[in-house]
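Encoded as C-alpha cells, the structure appears first; notes follow it.
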Ligand code: PMP
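In this note's numbering, the protein residues as written are 2 to 421.
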C-alpha cells in the first residue's frame, strides 16, 4: 500500500493515524520502509536526507553497523531479564565519567519518565511542591509539565484530563529572562522545589541560552535551596561528551537523558548528585520503577553508541553544524531574506522571522505558514525535516558533504517558492 492509503487505514485503528501527534502532518505523512545512514526511504519509492532522525537519538545516522552488531548479539542472549546485568554498571560508569553532575544513574525507558522522576525526587528532597518551567519548553507528556509546552503541544492550552490541582504547582517563566525568575523566586522561594530547564530549548525550534543565563539559574537556585534540573534529553551526548553542562560549564543538581543514550532504542535516565540519587527506591523511599528499566538491548545499544562519541566526534559534528548553518545563511541572503538561523553544534533551525529568537514569544511570532510551505517543498525535493517550525533539526555523523550540498540547493529552491 502507498502512504496515503496506509494513513487512511491507520486512522481507523490509531488515533489520528499515528502514535505521537507531531508525526501526523497534512495531508498525510510518508510511511517508512527502511532507513540507512543519512537517508530514510518510504513505501512510495522515495528517499529523503533525514534531519529529523527520529527526533534526535540517531547521532550516528540510521542503522549504524556498530550498533546493529552489538544489539544482534544481545538479542540472541535475551531481550529482557528483570534482574540486574553488568552492562548496566558499565553504562552508568560511562555516564558518570562524562557528565559533571552525575554521581549515580537510574535507567528507565523514556524522557517523559525521566523528567517525571526528577521532579518527584526534587519535591521529596525539598519538601516543596512547586516547580518552575519555561514557556515553550517540553519535558515530556506527563501531567506536571504539560503547561505551555513546546513540540507538538506548542500553542495548545493544558491538555484536557490534566487536573488543575497538578498544574497549579507548575509555575511558568519566560526563557532567557533573569528578572522574571528572580521575581518569582523572591515571592515563592519557600514553595519552589525545582527549576527544570532545557539548557538549549529544542522544542520551540532551537533557542540557546543567553550568555550567563544558565550561570544565573545555577546561582539563584543554590542560594535558595532550589534544585536545578537540566533536561538534557536532546542536548545530552549531542553537543559535548558531557552534554550542555560541559558545553556551558554549568553543573545542575539533577539531569535527565533519553534519546541518544539508548543508541536508537527506548531509553530514559535520571542522574545527579549522590545525596539526591540515594533517595530513590530501594536505597531510599522515593518511588521509581519499571519492567523495562535498564533493558539489556537498550543498554547494549547505549554502550555501543557512547563508545563512538569521543571528543573528536564532537569536533567534527560542531564544524559540520557550523558549515550547514553558514550555508543556510548564505542561501537566505541570496534570496533577499533575513530570517534567523538558529542552532549550535549539530542542532539547527531556520525561524521564518527576522531578528533574534530568545524565548517562546519570539519563536511564536515566526511565519508558520511559510515554514510549512518550505517543509513541503523540501520534502518534494527529498529532504525531510521535522514537520514543524517548533521542532529542532539534527545532523548525524552519516550526513556527508554531498548531503549538505544537495540540501542547500533544495533550500534555495524552497525559499524561492516561499517568497512568492
Ligand atoms: N525532554 C525533552 C527536552 C524532550 O525533547 C523530550 C522529547 N522530545 C522529552 C523530554 C520526552 O522524551 P520522550 O519522548 O522520550 O518521553
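Here a beta-carbon is modelled for each residue, glycine too, at the ideal position from N, C-alpha and C.
Closer than 7 Å to some heavy atom of the ligand PMP: that does not describe the Cβ of residue 177. Annotated three-state conformation of residue 42 is strand, per DSSP.
Taking the C-beta atoms as reference points, residue 328 is found nearer than 8 Å to residue 409.
Residue state for residue 273 is assigned as strand, using DSSP reduced to three classes. If you check the C-beta of residue 189 against the ligand PMP, you find no heavy atom less than 7 Å away. Short of 6 Å from the beta carbon of residue 216, and not among the five residues preceding or following it, lie these beta carbons of its own chain, in chain order: 251. Under the DSSP assignment, residue 70 falls in the alpha helix (DSSP H) whose first and last residues are 66-78.
Judged by DSSP in its simplified three-state form, residue 350 adopts strand. The residue from 404, 303 and 359 with its alpha-carbon nearest to that of residue 110 is 303. In the three-state DSSP reduction, residue 214 falls in the helix class (H, G or I). In chain order, the residues positioned with their C-beta nearer than 5 Å to some heavy atom of the ligand PMP are 111, 112, 113, 140, 141, 199, 232, 234, 235 and 259.
Within the region 103-145, the runs of beta strand (DSSP E) at least 3 residues long that lie entirely inside it are, in chain order, 105-109 and 131-135. In this structure, residue 35 lies away from residue 50, with their beta-carbon atoms at least 8 Å apart. In the three-state scheme derived from DSSP, where H, G and I count as helix and E and B as strand, residue 344 is classed as strand. By a beta-carbon distance limit of 8 Å, residue 235 contacts residue 260. Their separation comes to about 7 Å.
In the three-state scheme derived from DSSP, where H, G and I count as helix and E and B as strand, residue 48 is classed as strand.
With a 10 Å radius around the Cβ and a threshold of 16 neighbouring Cβ atoms, residue 317 comes out exposed.
When DSSP states are grouped into helix, strand and coil, residue 377 belongs to the helix group. Residue 196: not part of any alpha helix (DSSP H); member of the beta strand (DSSP E) spanning 193-198, first to last residue.
Straight through space, the alpha carbons of residue 391 and residue 279 are spaced by roughly 37 Å.
Residues of the same chain with a CB within less than 7 Å of the CB of residue 131, apart from the 5 flanking positions on each side, are 170, 172, 189, 192, 193 and 194 in chain order.
Of all alpha-carbon atoms in 22, 227, 135 and 326, the one lying nearest the alpha-carbon of residue 362 is that of 135. About 22 Å separates the Cβ atoms of residue 382 and residue 207, ruling out a contact at the 8 Å cut-off.
For residue 305, no beta strand (DSSP E) segment is defined; the enclosing uninterrupted segment is the alpha helix (DSSP H) at 297-309. With fewer than 16 other Cβ atoms from the protein chains shown falling within 10 Å of its own Cβ, residue 84 counts as exposed.
The beta-carbon distance between residue 137 and residue 149, rounded to whole angstroms, is 7 Å. This is short enough to meet the 8 Å contact definition. Judged by pairs of C-beta atoms under 8 Å, the region 290-302 touches the region 79-93, as three or more such pairs exist.
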